[in-house]
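Structure record follows, encoded as structure tokens.
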Amino acid sequence: MNGSIGFLKSGSIGDGFLIRLNKTVNSESLQIGDFIVVQGDLYDYFGIIEDIRIGSSNEDVFFNPPENKVQRIAVKGAITFSEVLVTPYLMIEKSTNRVVTIKTIPEHFSDARKANERDIRIVFGGNAEKAFHVGSPLTMDERIYIDLEKLAKRNNAIFGITGSGKTFLGRIIFSGLIKHDVASLLIFDMHNEYGQFAKSEKKGKLKSLKGLFGTKVKVFDVSDKNSNADDFIKIPYGDIAAADIAMLSFLLSYSQHSEETAWIINKRFGDKWLKHVEELRSATEAEIEEKAKEWGVNSSSLSALIRHLDKLLSLDFIQNIKEDSSVQKILRYLKNGTSVVVQFSGKYANNPLAYFTVANIITRRIHELYASASEEERNKRIMIVVEEAHKLLSSDIKDKNIFGTIAREMRKYNVTLFVIDQRPSEIDSEVLSQVGTRFVMQLMDEKDMDAVFQGVGGGSRLKKILRTLQPQEVLLFGYAVMAPVPMRVREYNESFFKEVSESVSAPSAEDADELY
Amino acid sequence: MKHIGEVITVRSDVLVAEGERSALPPLGTILKSDRGVLCLVVSHSIDNKIPGRMPIAYGKSIEQLEREQPQVFALMKWMFQAIPFGTLSEGSVELFLNKVVEIHTLLFETRKEERDLIFKELRFFDFLFSIDKSVFPQRDKIIVSLINAYLNDLLEVKEDEYVRIFSYISKILRNDYQTLKYIMDGVSI
């Protein structure tokens, strides 16, 4: 038939379909990750090439190989052959175009062909009400859409090495979520890429989320030097609990004894505990010993705690103030459908302590407020975006901070995590299992590759596809798409800006005044 | 048209025909009968016309013997064996023998257009490789010469035709690559 590349030779749902290529089809015209349709009588079976192989029906051919191209072509098909292994994911019912997950297989010799634009439209074509174009198949120009509603209902992740295009992809996805008003984003923007501008890979600056969506995005910064910020983060001592400090132990060289000491003091003084500790920063050994006795803690542990907390207390945005923290403002924005980008400018750029402190404390506060709010109050979905997430979600500390809790439990409270990370193998496996949709870009480390497919059916096959990815290419799979899809991320350029900027429904100035 | 031979023996799968001295059809020649039966020349033989007569050695060259003892040649008959494989009628080839070959049937040379028709039928190669090599050891050489002759007669797209023919032969000989390679190497384009 027209467009046939071969026929179904053997296979099963579990092991995939083995397609023997027609002799006229050059194996180099197919690539791992290409979409293939095997045409049964009732269904078209939609799958992805996971492997390409060549073989021979008679090993004698290698003792006296064909001498020239014409001979090679002549024996191809009967003596030598090419095959592709296709993992089937979906069935498209021919009579209705209804798409269902794979449940049966076609007969022997069913024709196989490359998926065409129509197939891609049916499978990834964005029939969902809030579908968003995120890219194209690796060897086609057809659009691939994700279902944003589904995406926002669960935790999500972008994984990839530095330079693979994580931030670039993140901006595209977040633009979709904001444009379609699917969720309020709280983005902890470690490298200042999601605010007003982003660095262009070529030259100059590009519009980022604030630049694209105006008042639908508010930028907070821990540094008051950022002239593009709408507001600044101030964290009163009272907002910091011993639990927050425990989470930062990997940055503060924090010991078990210091942690226990902080807990005791926190319990004794409540939200004033840090102020009491801070007052001891200039105290003498004797004064510390006296306080230790008074508080019922070990004096050397108290000394160590003071020493360890010194770095934290040196952060300018942690202040001995009583005023309401920025958290309440941020939460109000989020509840109103406005996304918030928390940036780290000036001396806090690329400062892990500042980043993780702010991310942890703000997120914990939002968790507390949202979990205790009525169902009506939390009807707006919140998605918390965190970079370098493995440092917050490793097995060692996932139980000590709020991110592990959100990953596991907060879906029911309408709060989900969006993790951006380059070391998925260091993220706790239980947390990883809660990630609904994964955008996996280039990874080099075997452990990381294994981690992203943990608990995923057919993961070992997808890993083959992952190995072939180039920068700006992504293997997308999970809840928000019907089938795994390797794709090129769409361009982040003027036409994208135009598309997402159209019909943006920002809260009116009056609404904003009333709310804030 | 002058005939090439006359069928003098008919067996179930092979014909014996008598031809003329110095004019026996080469191995691999495709002949046709006046009734359209097609056959392939697979062997040659020379025998006495007088049953039981045994030739003796003269120790002379052929030319000398012809001059001095011409009766020696007059007493011999020149024969060839041919395997029938199909029929030709009204410009089409049927690769199935549905006609009995009568004794004394005359055999003629086929024309190029007729051979082209035969080569268009890829099942012709099934017939060729069904010839028992242990009975006709020259089979593979015959096939090489047959294909060479056919391709040499083509004016163009020889490569395409080579690929078409050998793609099919590769399927027949998928378990006998050595024979396939021998034939491929023997055919030049």
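Chains A and B, in that order, are what the protein sequence lines are.
If you count the first sequence from 1, position 285 lands on 546 in the numbering used here, and the numbers rise without skipping.
If you count the second sequence from 1, position 46 lands on 67 in the numbering used here, and the numbers rise without skipping.
Each residue gets a CB set at the ideal place from its N, CA and C atoms; glycine is no exception.
Keep in mind that this is a model prediction, so the values were computed, not measured.
- prompt: How would you list, in chain order, the residues of chain B whose beta-carbon sits under 7 Å from the beta-carbon of D322(A)?
  reply: As a working mapping, residue 322(A) is identified with position 61 in the first sequence. Correcting the residue identity first, residue 322(A) is Val in this sequence and not Asp. Within chain B, the residues near V322(A) are Y198.
- request: Starting from the beta carbon of K284(A), find every residue of chain B whose beta carbon is closer than 7 Å, and list them in chain order.
  value: Position 23 of the first sequence, counted from the start, is the residue given in the question as residue 284(A). Per Cβ cutoff of 7 Å: S188.
Classification of R32(B) by the beta-carbon crowding that lies within 10 angstroms, buried from 16 upward: Stepping through the second sequence from its first residue, residue 32(B) is reached at position 11. R32(B) should be labelled exposed.
query: Where does G264(A) land, buried or exposed, given buried means 16+ other C-beta within 10 angstroms?
result: Looking up residue 264(A) in the first sequence gives position 3. Per the 10 Å Cβ criterion, exposed.
message: Are the CB atoms of L512(A) and L654(A) within a distance shorter than 8 Å?
response: Mapped onto the first sequence, residue 654(A) falls at position 393. Mapped onto the first sequence, residue 512(A) falls at position 251. Pairing L654(A) with L512(A) gives a Cβ-Cβ distance that is not under 8 Å.
message: Using only the alpha-carbon positions, how far apart do I363(A) and I353(A) sit?
response: In the first sequence, counting from the first residue as 1, residue 363(A) sits at position 102. In the first sequence, counting from the first residue as 1, residue 353(A) sits at position 92. Between the C-alpha atoms of I363(A) and I353(A) there is a straight-line separation of about 9 Å.
message: With the cut-off set at 8 Å, would you say V478(A) and S606(A) are in Cβ contact?
response: Numbered from its first residue, the first sequence carries residue 478(A) at position 217. Numbered from its first residue, the first sequence carries residue 606(A) at position 345. No; because the gap between Cβ atoms is not below 8 Å, this pair is not in contact.
Any C-beta of chain B under 8 Å from that of N325(A): As a first step, residue 325(A) is located in the first sequence; it is residue number 64 there, counting from the start. So yes, N325(A) belongs to the interface.
- prompt: Where do the ends of the alpha helix (DSSP H) carrying F187(B) lie?
  reply: One-based indexing of the second sequence puts residue 187(B) at position 166. Per DSSP, the unbroken alpha helix (DSSP H) holding F187(B) starts and ends at 179-193.
message: Taking its Cβ as the centre, do 16 or more other Cβ atoms sit within 10 Å of V298(A), making it buried, or is it exposed?
response: Here the question's residue 298(A) lines up with position 37 in the first sequence. Result: buried.
field: Cutoff 8 Å; reference I315(A); Cβ partners in own chain excluding five residues on either side
entry: Taking the first residue of the first sequence as position 1, residue 315(A) is located at position 54. Exclusion of the five residues before and after I315(A) leaves S288, T341, F342, S343, E344 as the residues of its chain whose Cβ lies within less than 8 Å of its Cβ.
message: Below 8 Å on C-beta distance, what does I280(A) contact in chain B?
response: Taking the first sequence and counting its residues from 1, one reaches residue 280(A) at position 19. None at all; the shortest Cβ gap to chain B is about 19 Å.
- request: Tell me where the beta strand (DSSP E) around R382(A) begins and ends.
  value: As a first step, residue 382(A) must be located in the first sequence, where it is residue number 121. Under the DSSP assignment, R382(A) falls outside any beta strand (DSSP E), being part of the alpha helix (DSSP H) whose first and last residues are 378-385.
field: Rounded C-alpha distance that separates V742(A) from I407(A)
entry: Residue numbering aside, residue 742(A) sits at position 481 when the first sequence is read from its first letter. Residue numbering aside, residue 407(A) sits at position 146 when the first sequence is read from its first letter. Cα-Cα distance, rounded: 6 Å.
query: Leaving out the 5 sequence neighbours to the left and right, which residues in its chain are closer than 6 Å to Q102(B) when beta-carbon positions are compared?
result: Translated into positions along the second sequence, residue 102(B) becomes position 81. Sequence-distant Cβ neighbours of Q102(B) in its own chain, meaning closer than 6 Å and more than five residues away, are V35, V37, V63, S64.
task: Taking only runs that begin and end inside the stretch 67-138 of chain B, name each unbroken alpha helix (DSSP H) of 4 or more residues, in chain order.
output: Whole alpha helix (DSSP H) segments, 4+ residues: 83-89, 91-95.
task: Put A504(A) into one of helix, strand or coil per three-state DSSP.
output: Against the first sequence, residue 504(A) aligns to sequence position 243. The answer is helix: DSSP assigns A504(A) an H, G or I state.
- prompt: Could you give the distance in angstroms between the alpha-carbon of L269(A) and the alpha-carbon of F679(A)?
  reply: On the first sequence, position 8 is the one that residue 269(A) refers to. On the first sequence, position 418 is the one that residue 679(A) refers to. Going by the C-alpha atoms only, they are around 40 Å apart.
message: Here's the rule I'm using: 16 or more other beta-carbon atoms within 10 Å means buried, otherwise exposed. How should M205(B) be labelled?
response: For the purposes of this step, residue 205(B) is identified with residue 184 of the second sequence, where counting begins at 1. Taking all protein chains in view, the Cβ of M205(B) is crowded by 16 or more other Cβ atoms within 10 Å, so the residue is classified as buried.
query: How far does the beta strand (DSSP E) with E648(A) in it reach, from first residue to last?
result: For the purposes of this step, residue 648(A) is taken as residue 387 along the first sequence, with counting starting at 1. Note, E648(A): beta strand (DSSP E), 643-648.
task: Give the straight-line distance between the Cα atoms of C60(B) and R359(A), rounded to the nearest whole angstrom.
output: The residue labelled residue 60(B) in the question sits at position 39 within the second sequence. The residue labelled residue 359(A) in the question sits at position 98 within the first sequence. When the Cα atoms are used, C60(B) and R359(A) turn out to be separated by approximately 59 Å.
- prompt: Run through DSSP, which three-state label would N169(B) get?
  reply: Taking the first residue of the second sequence as position 1, residue 169(B) is located at position 148. Three-state DSSP puts N169(B) in a helix.
- prompt: For I663(A), which residues of its own chain have a beta-carbon under 7 Å away from its beta-carbon, when the five flanking residues on both sides are left out?
  reply: For the purposes of this step, residue 663(A) is taken as the residue at position 402 of the first sequence. Here the set comprises N621, T624, R625, H628.
message: Let me see if you follow: with CB-CB separation under 8 Å, is N377(A) close to chain B or not?
response: Indexing the first sequence from 1 puts residue 377(A) at position 116. False, the Cβ-Cβ gap to chain B never drops below 8 Å.
message: Assuming A236(A) and S519(A) are in contact, meaning their beta carbons sit under 8 Å apart, how far apart are those beta carbons, in whole angstroms?
response: Within the shown structure, residues of chain A are numbered from 262 to 777, placing residue 236(A) beyond reach of any answer.
query: Three or more beta-carbon pairs under 8 Å between the stretch 148-156 of chain B and the stretch 80-89 of chain B, yes or no?
result: No: the two stretches stay apart, fewer than three of their Cβ pairs being nearer than 8 Å.
- request: Could you give the DSSP three-state label for D772(A): helix, strand or coil?
  value: Within the first sequence, the letter at position 511 stands for residue 772(A). Low confidence applies to D772(A): its pLDDT is 42, below 50, so where it sits in the model is not reliable, and the reading given next is rough at best. DSSP, reduced to helix, strand and coil, places D772(A) within a helical segment of the structure shown.
- prompt: Three-state secondary structure (DSSP) at V208(B)?
  reply: Reading the second sequence from its first residue, position 187 is the one you call residue 208(B). V208(B) falls in the coil class under three-state DSSP.
- prompt: Can you list, in chain order, the residues of its chain whose CB lies under 6 Å from that of I381(A), leaving out five sequence neighbours each side?
  reply: Working through the first sequence from its first residue, we reach residue 381(A) at position 120. For I381(A), where only same-chain residues beyond five positions count, the Cβ hits under 6 Å are E403.
Alpha helix (DSSP H) segments (min. 4 residues) lying fully within the stretch 383-458 of chain A: Those alpha helix (DSSP H) runs which fall completely within the stretch 383-458 of chain A and span 4+ residues are 409-414, 427-440.
- request: Starting from Y282(B), find everything on chain A with Cβ-Cβ shorter than 8 Å and list it in chain order.
  value: Here chain B covers residues 22 to 210 and nothing more, so residue 282(B) does not appear.
message: Please identify, using Cβ separations under 7 Å, the residues of the stretch 338-356 of chain A that lie next to chain B, in order along the chain.
response: Within the stretch 338-356 of chain A, the qualifying residues are G338, A339, I340.
task: Kindly list the residues whose CB is nearer than 8 Å to the CB of G275(A), restricted to its own chain and excluding five residues on each side of it in sequence; keep chain order.
output: Translated into the one-based positions of the first sequence, residue 275(A) becomes position 14. Cβ neighbours of G275(A) beyond the five flanking positions: none.
task: Buried or exposed for A95(B), please, with buried defined as at least 16 other CB atoms from any protein chain shown within 10 angstroms of its CB.
output: On the second sequence, position 74 is the one that residue 95(B) refers to. Classification of A95(B): exposed, given that the 10 Å Cβ count is below 16.
- request: Report the rounded CA-to-CA distance for N453(A) versus V602(A), giving the unit in angstroms.
  value: In the first sequence, residue 453(A) corresponds to position 192, counting from 1. In the first sequence, residue 602(A) corresponds to position 341, counting from 1. If you take the alpha carbons of N453(A) and V602(A), they lie about 9 Å apart.
- request: Check each candidate in D657(A), K284(A), D372(A) and name the one with the smallest Cα separation from D305(A).
  value: One-based indexing of the first sequence puts residue 305(A) at position 44. If we check each option's Cα against that of D305(A), D372(A) comes out closest.
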